[in-house]
Amino acid sequence: MAPRIGQVPTTITAQTQAATTHIAKQQNQSDKNLFTVDIEALIQANSNCVIFGDFNATHSAWNCSKNSPRGIRLKYFTDDNNLEIAFPNSPTRYGYNSSNTLDFAIISVTSTTPTILYP
1 MAPRIGQVPT
11 TITAQTQAAT
21 THIAKQQNQS
31 DKNLFTVDIE
41 ALIQANSNCV
51 IFGDFNATHS
61 AWNCSKNSPR
71 GIRLKYFTDD
81 NNLEIAFPNS
91 PTRYGYNSSN
101 TLDFAIISVT
111 STTPTILYP
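1 is the number of the first residue of the sequence shown in full-length UniProt numbering; add one for each residue after it.
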């Protein structure tokens with residue numbers, strides 16, 4: 001059963017004989033203190049999940065020029081929960097004087113089967 005999700009309107013559950021995986025689109029949460037709540041709900045519901053979208057969080061770990069408070073919080077959160085961040089090689093947002101990667105995926109896979117991710 002899928003968890004009750006507050007700000008993640010699109011969630012797909014893929015079920016195979018081996019595992020169940022949640023695939024969700026992250027909606028930008030305006031409250032900087034609560035934006036990891038939906039990610040936590042998905043992880044608790046199933047250890048195999050992919051959450052993608054615009055996180056509006058910058059951090060040098062995913063090729064941004066600055067670390068924002070949201071980015072720092074998200075980096076700590078992913079590190080603490082053994083999550084991986086998959087991001088493109090080029091920025092996803094270009095501003096007047098900057099470019100950043102705001103669109104990426106957070107991945108949690110606890111399967112013993114190797115996972116291959118393609119950029």
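All C-beta atoms in this analysis are idealised placements derived from N, C-alpha and C, irrespective of residue type, glycine included.
Rounded straight-line distance, which links the Cα of residue j to that of residue i
i, j, result
"Asp79", "Tyr96", "31 Å"
"Lys66", "Thr20", "36 Å"
"Ala57", "Thr92", "12 Å"
"Ile85", "Ala18", "23 Å"
"Tyr76", "Gln44", "17 Å"
"Asn81", "Gly71", "15 Å"
"Ala41", "His59", "23 Å"
"Asn48", "Tyr94", "32 Å"
Supposed close pair residue i, residue j - CB separation, criterion 8 Å
i, j, result
"Lys25", "Phe52", "6 Å"
"Ile12", "Ile23", "5 Å"
Short CB-CB distance (under 9 Å) between residue i and chain B
i, result
"Thr11", "No chain B is present in this structure, which holds just one protein chain."
Residues near residue i by beta carbon distance below 7 Å, same chain, minus five either side
i, result
"Ile107", "Val50, Leu83, Glu84, Ala86"
Closest Cα partner of residue i within the set the options
i, options, result
"Trp62", "Val37, Thr16, Ser99", "Ser99"
"Phe104", "Pro69, Cys64, Leu42", "Cys64"
Pair within 9 Å by beta-carbon distance, residue i and residue j
i, j, result
"Arg73", "Thr36", "yes"
Same chain, Cβ closer than 6 Å to residue i, five either side skipped, listed in chain order
i, result
"Asp14", "Per the sequence shown, residue 14 should be read as Ala rather than Asp. Contacts found: Thr21."
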